[in-house]
Amino acid sequence: MSRRRIQIFDTTLRDGEQSPGIALQPHEKAEIAEQLERLGVDVIEAGFAGASPGDFEGVRAVARAVGRPTVASLARTVLADLDAAAEALAGAGRSRIHVFLATSALHMEKKLGLEPQEVVEHARWSVEYAASLVDEVEFSCEDATRSDPAFAARVCRVAIEAGATIINLPDTVGYALPAEYAGFLADVRRRCPEIRGVTLSVHCHNDLGLAVANSLAGIQVGATQVECTVNGIGERAGNASLEEIVMALNVRGDHFEIETGINTAEITAASKLVSERTGYVVQPNKAVVGANAFAHEAGIHQDGMLKDERTYQIMDPVDVGVRMTLPLGKHSGRHAFARACAERGVELEGEELNAAFRRFKERADAGGAVALEDVFEEVRA
Ligand SMILES: [Zn+2]
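Following this line, the structure appears as structure tokens:
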């Protein structure tokens with residue numbers, strides 16, 4: 306069966322970097338971009354060149370550092386932003402300006418102070434101008450999910466007529482529910498059939514913990530690009546997590562029948578690098594990349610895992626670049642304990658194993674980590 310290939314648009318270096326307290330230097334952005342290229346992302350959004358001289362240099366450094374991926378810069382519908390983006394992207398193998406403009410009544414009135422007709426006109430001239438500067442233009446209806454679908458569709462049609470080949474309909478504030486988001490995308494596409502001729506992108510935020518679920522819902526109704534970040538970092542509660550989307554599509558390939566260009570074995574390395582450079586620690590129970598994502602401590606689970614890993618594991622940790630760990634603690638079983646001993650060169654059997662395991666349990670029950678070497682000494686004493 307042929308699988309639909311979707312594009313992974315990584316915005317770790319733009320939306321991710323907008324997380325409070327993160328300020329990546331240009332050389333750090335280049336280093337992360339090189340890892341994103343190894344990971345196999347299709348597009349790297351490197352920053353917002355018009356936002357600051359530092360952001361400009363960051364985009365330029367990424368454009369020069371990578372070869373295969375398209376490099377994108379965000380831009381408002383402002384001449385200086387579009388020019389800065391184009392200049393920073395000059396060294397890229399393939400360049401994209403990502404123009405965004407709000408289409409919700411709330412944003413248009415309160416933030417932009419623009420009438421709907423003025424928004425339509427801004428979309429038209431800015432996309433036309435951007436298309437004259439770089440290889441391709443993406444247009445985003447900011448706050449799309451809180452916009453009138455008829456108006457969002459009108460703006461999308463104008464952006465496509467002006468030369469945009471990627472249309473993004475983001476859930477900017479993380480408000481949508483999965484079925485609702487899928488319905489919204491389908492509604493806009495029905496009102497603007499021209500979307501079928503371009504790449505349809507989804508971009509979801511995690512304010513209600515639904516960014517990945519919403520992204521997957523969007524993919525299921527035909528989105529061909531998904532915007533996400535490593536470790537799910539991003540504004541406020543973050544963006545959709547790249548590793549969760551990719552592994553959901555992989556593990557449940559039977560359901561989605563979709564493929565990406567991601568080399569999943571590079572996921573853990575990407576996660577560690579982004580965490581180290583941004584200072585954003587990954588929560589231990591985070592799906593796919595958390596320290597405990599493949600840890601099994603309960604004795605029954607450990608025993609099952611040692612007999613057949615499929616008993617308690619839906620993906621092979623090797624597939625995302627990590628080794629499975631069976632931490633030893635008060636919940637561990639005799640089987641896992643014996644294996645841990647054997648890994649340290651101590652083969653225990655029969656009564657010797659029973660005695661050592663009893664000692665280990667007593668110590669583990671008292672709390673804290675147990676050093677196996679101490680257990681061996683006590684048993685031999
Ligand atoms: Zn965003």
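Each residue of the sequence shown is one higher than the one before, starting from 306 at the first, in our numbering. From the three backbone atoms N, C-alpha and C, an ideal C-beta is built for every residue, glycine too.
Problem set entry | CA nearest to the CA of V348, picked from Q323, R319 and R649 | R319
Exercise. Out of D476, Y434, E433 and I472, which has the shortest C-alpha to C-alpha gap to A449?
Worked result: That would be D476, whose Cα lies nearest to the Cα of A449.
Exercise. Can we count P325 as close to ligand 1, meaning its CB is less than 7 Å from some heavy atom?
Worked result: no
Problem set entry | Closest Cα partner of A481 within the set R501, S452 and V503 | Of the listed residues, the one whose Cα sits closest to A481 is S452.
For this session: Go ahead and label P589 buried or exposed: buried means 16 or more other beta carbons lie within 10 angstroms of its beta carbon, across all protein chains shown.
Result: exposed
Problem set entry | Own chain, CB closer than 8 Å to S357, minus 5 neighbours either side, in chain order | In its chain, beyond the 5 residues on either side, no residue has a beta carbon closer than 8 Å to the beta carbon of S357.
Exercise. So, helix, strand or coil for H606, using DSSP?
Worked result: helix
For this session: Assuming V526 and L490 form a contact by the criterion Cβ under 8 Å, report the distance between their Cβ atoms to the nearest whole angstrom.
Result: 5 Å
Exercise. Below 8 Å, can you find three or more Cβ-Cβ pairs linking the region 373–387 to the region 590–601?
Worked result: no
Exercise. Mind checking whether the beta-carbon of G479 lies closer than 7 Å to any heavy atom of ligand 1?
Worked result: Incorrect: G479 has no Cβ contact closer than 7 Å to ligand 1.
Exercise. Sorry if obvious, but does the Cβ on D608 come closer than 7 Å to a heavy atom of ligand 1?
Worked result: no
For this session: Verify whether the separation of the beta carbon atoms of I567 and I313 is less than 8 Å.
Result: yes
For this session: Tell me, please, which residues DSSP counts as bridged to V517.
Result: Answer by DSSP bridge pairing: none, since V517 is not bridged.
Exercise. Going by beta carbon distance, what residues of the same chain come within less than 8 Å of G745, once the five residues before and after it are set aside?
Worked result: There is no way to answer for residue 745, as the model of the chain reaches only from 306 to 686.
For this session: Return the residue from the list A518, A457, A391 and E682 that minimises the CA-CA distance to E447.
Result: A457
Exercise. Which stretch, first to last residue, makes up the beta strand (DSSP E) that contains F444?
Worked result: E441 to E447
Exercise. Can a CB atom of chain D be found closer than 8 Å to the CB of E683?
Worked result: As a matter of chain content, chain D is missing from the structure shown, which is built from one protein chain.
Exercise. If you check the beta carbons only, do L653 and A645 fall under 8 Å apart?
Worked result: no
For this session: Run the CB neighbour count on H332, radius 10 Å, all protein chains shown included, and call it buried at 16 or more, exposed below.
Result: Counting of Cβ neighbours within 10 angstroms places H332 among the exposed residues, the total staying below 16.
Exercise. So, using beta-carbon positions, are D315 and L341 closer together than 8 Å?
Worked result: A contact, by the Cβ cut-off of 8 Å.
For this session: Specify whether the region 569–577 and the region 541–557 touch according to this definition: at least 3 beta carbon pairs, one from each stretch, less than 8 Å apart.
Result: yes
Exercise. On the premise that D624 lies in contact with T569, defined as a C-beta separation below 8 Å, what is that separation, rounded to the nearest angstrom?
Worked result: Between D624 and T569 the Cβ distance is about 5 Å, and since that is below 8 Å, they are a contact.
Exercise. Can you find a heavy atom of ligand 1 that lies under 7 Å from the Cβ of H510?
Worked result: yes
For this session: State the start and end residues of the unbroken beta strand (DSSP E) segment that holds E532.
Result: Q530 to C533
For this session: Starting from I472, follow the beta strand (DSSP E) in both directions and report where the run begins and ends.
Result: I471 to N473
For this session: Please name the residue or residues paired with L379 in a DSSP beta bridge.
Result: H403
Problem set entry | beta strand (DSSP E) segment containing E350, residue limits | V348 to G352
Problem set entry | Identified DSSP bridge partners for Q312 | Bridge partners of Q312 according to DSSP: Q530.
Exercise. In the DSSP assignment, what are the bridge partners of E564?
Worked result: R310
Exercise. Given M413, which residues of its chain have a CB within under 7 Å of its CB, disregarding the five upstream and five downstream residues?
Worked result: A407, L419, P421 and V424
For this session: With a threshold of 7 Å, establish whether the CB of D320 neighbours any heavy atom of ligand 1.
Result: yes
Problem set entry | Cα-Cα separation between A487 and N519, rounded to whole angstroms | 8 Å
For this session: Measure how close the beta-carbons of A484 and V517 come, nearest whole angstrom, since I'm counting them as under 8 Å.
Result: Not a contact, Cβ separation roughly 15 Å.
Exercise. Leaving out the 5 sequence neighbours to the left and right, which residues in its chain are closer than 8 Å to L329 when beta-carbon positions are compared?
Worked result: L318, E322, I337, G363, R582 and T583
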